[in-house]
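Just below is one structure, and these are the notes that go with it.
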Amino acid sequence: MIPSTIEIRPTADDGRIARLAAAAIVLSVAEAAIPLPLPGVKPGLANIVILIVLMRWGWRDAVWVALLRVFAGSLLLGQFFAPGFFLSLAGQTSSLIMLGLAMHLPTRWFGPVTLSILAAFAHIGGQLALARVWLVPHDGIFYLVPVFALAATIFGLVNGLVAGRLLRELSPPERDAGAPAVP
Amino acid sequence: MSRERFSQGAALLRPGDFVTLGLAATVCVLSMLMLWRGGAPDKVVIRAGGQIFAEAGLSRSQVFEVPGPLGVTRIEIEPGRARVASDPGPRQYCVRQGWLTRSGAAAICAPNEVSLMLGGGASDYDSLNY
Chain X
1 MIPSTIEIRP TADDGRIARL AAAAIVLSVA EAAIPLPLPG VKPGLANIVI LIVLMRWGWR
61 DAVWVALLRV FAGSLLLGQF FAPGFFLSLA GQTSSLIMLG LAMHLPTRWF GPVTLSILAA
121 FAHIGGQLAL ARVWLVPHDG IFYLVPVFAL AATIFGLVNG LVAGRLLREL SPPERDAGAP
181 AVP
Chain H
1001 MSRERFSQGA ALLRPGDFVT LGLAATVCVL SMLMLWRGGA PDKVVIRAGG QIFAEAGLSR
1061 SQVFEVPGPL GVTRIEIEPG RARVASDPGP RQYCVRQGWL TRSGAAAICA PNEVSLMLGG
1121 GASDYDSLNY
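So the protein sequences, as listed, match chains X and H. Using our numbering, the letters of the first sequence map in sequence onto residues 1 to 183. Using our numbering, the letters of the second sequence map in sequence onto residues 1001 to 1130.
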């Protein structure tokens, strides 16, 4: 066999990111099966994983896991390059930017719940902005803002609490360097 | 940045989290109030004897004195609302309606043939019948 000239050696980091992204993808696929009254109102369970990654391994890893989640999740759901994919990407991007800023808040005062709620609001913000510009070029779309805001508050709170609880359960990062921190 | 600081035995809900929650709830309530108000009126139409007597914006305070067969009906306009302040009619229904604040709302002083109606915005009603 001709040896390949390209050699890809996955590092331990790559393996960990892949495992965490897989967990996030599983959650978004599972959540797609939950019937919900309004498109766009979703629990966003994958954000639990992203929050944990952010708090344990930092923003860079969270970006990787989140974007892998968006791309692979939409591939699995048959939504790749459909409007839903772009909405998801816009929401995820703005929520990652928000997380990147919010993670510098003093952790003595602000825990995972704050990060989760802020990320949820950034998520709907990004989605609504893209939807307004591209899909529904009419201000009528803002009629739904209260619904989205309420969903972001509730699901942000719940996801933040779950993430905080799981972070507490997990052993400190030094000891589980090899083991997946997948809930 | 240190990663351990997150997993220190800090409370699940920290003081700032309640602030964030409060802000989020405020955003919810404010957005409901602002976006679901359903048609704030922006003008009033005053009719006398079936003819339009005056049309005015609802942005500043003013008083109209509308003559009718029984006497003068006084109509008061304030920013965002309007009312019939006094009317010579016997039963005073239109006066007792008080301030009108919704688009499409109307006060009709039938004996004096004067009516007051709010319009503009997204009206809650197409028409009203008494």
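Here a beta-carbon is modelled for each residue, glycine too, at the ideal position from N, C-alpha and C.
- The beta-carbon distance between X/Gly160 and X/Leu115, rounded to whole angstroms, is 7 angstroms. This is short enough to meet the 8 angstroms contact definition.
- Spanning the alpha carbons of X/His104 and X/Arg168 requires a straight line of approximately 20 angstroms.
- Apart from the 5 residues on each side of it in sequence, X/Ala30 sits with its Cβ closer than 8 angstroms to the Cβ of Leu45 in its chain, given in chain order.
- If you check each beta-carbon in the region 1025-1047 of chain H against every beta-carbon of chain X, the ones closer than 8 angstroms belong to Ala1025, Val1027, Cys1028, Ser1031, Met1032, Leu1035 and Trp1036.
- X/Ile25 has a beta carbon lying at 8 angstroms or more from every beta carbon in chain H.
- For X/Glu169, the secondary structure class from DSSP, reduced to helix, strand or coil, is helix.
- Taking the Cα of X/Ile97 as reference, the smallest distance to any Cα among X/Pro106, X/Ala62 and X/Leu130 is reached at X/Ala62.
- Residues of the region 116-139 of chain X with a Cβ closer than 8 angstroms to any Cβ of chain H, in chain order: Ile117, Leu118 and Phe121.
- For H/Leu1116, the pairing in a beta bridge is given by DSSP as H/Ile1046 and H/Ala1107.
- At a C-beta separation below 8 angstroms, H/Gly1016 has these neighbours in chain X: Leu105, Pro106, Trp109, Phe110, Gly111 and Thr114.
- Counting along the chain, the unbroken beta strand (DSSP E) around H/Arg1083 starts and ends at Arg1081 to Ser1086.
- Per the DSSP secondary-structure output, H/Ile1077 pairs in a beta bridge with H/Gln1062 and H/Ala1082.
- Residues of chain H whose Cβ lies closer than 9 angstroms to the Cβ of X/Val70 do not exist, since the nearest Cβ in that chain is about 24 angstroms away.
- A distance below 8 angstroms separates the beta carbons of X/Gly125 and X/Ser94.
- The bridge partners DSSP lists for H/Pro1067 are H/Val1072.
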